[in-house]
Amino acid sequence: MEIRIGIVIYLLVAIKCAIGSVYFSGIDIKNMKSKYEEIKNNNNNNNNKINEIFLKEIEKYNYMNSNVIALSTSRHYFNYRHTANLLIAYKYLKKNGDIMDKNILLMIPFDQACNCRNIIEGTIFKNYEKLPNEYINKNMKENLYNKLNIDYKNDNINDEQLKKVIRHRNNSFTPYNNRLYTNEYKKKNLFIYITGHGGINFLKIQEFSIISSSEFNLYIQELLIKKIYKNIFVIIDTCQGYKF
């Protein structure tokens, strides 16, 4: 009897560990199932072909192999364009890259959408919009501020916080949803997109501080030395970004 109880406990622990490893590696079971059903419907239930295509899709779209840090470094309403740039990149990654929210850290330092100067509250657009009128709901283009999962915002975005986020150095108070996870095989890729104000060899963070290119380079070197990622790709979308 005791042996049976021991076996049951062992199996329960093993199942819990397996589930934990799935969530840790960033696999989105729901999205993978929908992708599998889509492939199945397109290939007339040919199991061999379905499995082959499905495995290629997993690798191609990096369901568990891509992490993203996307942030704007600007505050104040007149930097509306930077938040719009950030959200365009965020939407593009989710739509065309099939990157999941749990693998994206979205960092918005200023909430232009809910600012009193925004004539259409709760919205951010990539194109110029006319003043509100009775047909605004029909004529309004895509609202970029819709269906967002914001991980860091307002004063939570500063040079010290950014240093921790990029280097993946989280303390015990950091919520699990605000962390990026890697798997044991070190095959994940990291994409960093930064938009805002900058100059030659520096980025301005919320008007109060800066991060130099040499300092940023040390953060990336730390990730490479620790072999946390297979590939790291960085886009600096600022003034003088090409000299960063």
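Per my numbering, the very first residue in the sequence shown carries number 717; after that it's consecutive. Even glycine gets a Cβ: it sits at the ideal position worked out from N, Cα and C.
Would you report the Cα separation of residue i and residue j, rounded to the nearest angstrom?
i           : j           : result
residue 743 : residue 895 : For residue 743, the predicted model reports a pLDDT of 42, less than 50, meaning its position is unreliable; a value from the coordinates is still stated below. Their backbone Cα atoms lie some 15 Å apart in a straight line.
residue 732 : residue 951 : Reliability fails at residue 732, whose pLDDT of 44 lies under 50, so the model's placement of it is uncertain and the value that follows must be treated cautiously. Approximately 38 Å, taken between the alpha carbons.
residue 958 : residue 881 : 23 Å
residue 818 : residue 920 : 27 Å
residue 759 : residue 753 : 10 Å
residue 945 : residue 897 : 11 Å
residue 932 : residue 939 : 11 Å
residue 797 : residue 889 : 32 Å
residue 918 : residue 757 : 51 Å
residue 928 : residue 755 : 47 Å
residue 887 : residue 871 : 18 Å
residue 830 : residue 792 : 12 Å
residue 858 : residue 795 : 19 Å
residue 885 : residue 864 : 24 Å
Indicate whether residue i and residue j have their beta-carbon atoms separated by less than 7 Å.
i           : j           : result
residue 883 : residue 935 : yes
residue 860 : residue 787 : no
residue 782 : residue 913 : no
residue 868 : residue 823 : yes
residue 801 : residue 954 : no
residue 821 : residue 785 : yes
Please classify residue i: is it buried, with 16 or more other beta-carbons within 10 angstroms of its beta-carbon, or exposed?
i           : result
residue 826 : buried
residue 922 : buried
residue 942 : exposed
residue 937 : exposed
residue 909 : buried
residue 949 : exposed
residue 835 : exposed
residue 916 : exposed
residue 924 : exposed
residue 904 : buried
residue 907 : buried
residue 960 : buried
Based on the DSSP output, what are the partners of residue i in its beta bridges?
i           : result
residue 881 : Per DSSP, none; premise fails for residue 881.
residue 786 : 822, 909
residue 915 : 918
residue 869 : 824
residue 875 : Partner(s): none; residue 875 has no beta bridge.
residue 949 : 907
residue 839 : Looking at the DSSP assignment, residue 839 forms no beta bridge with any residue, so it has no partner.
residue 890 : Paired residue(s): none; residue 890 is not in a bridge.
residue 954 : 912
Can you determine whether any heavy atom of the ligand NAP sits closer than 6 Å to the C-beta of residue i, and answer yes or no?
i           : result
residue 911 : By its list of ligands, the structure shown contains no ligand whatsoever, and the ligand NAP lies outside what it can speak to.
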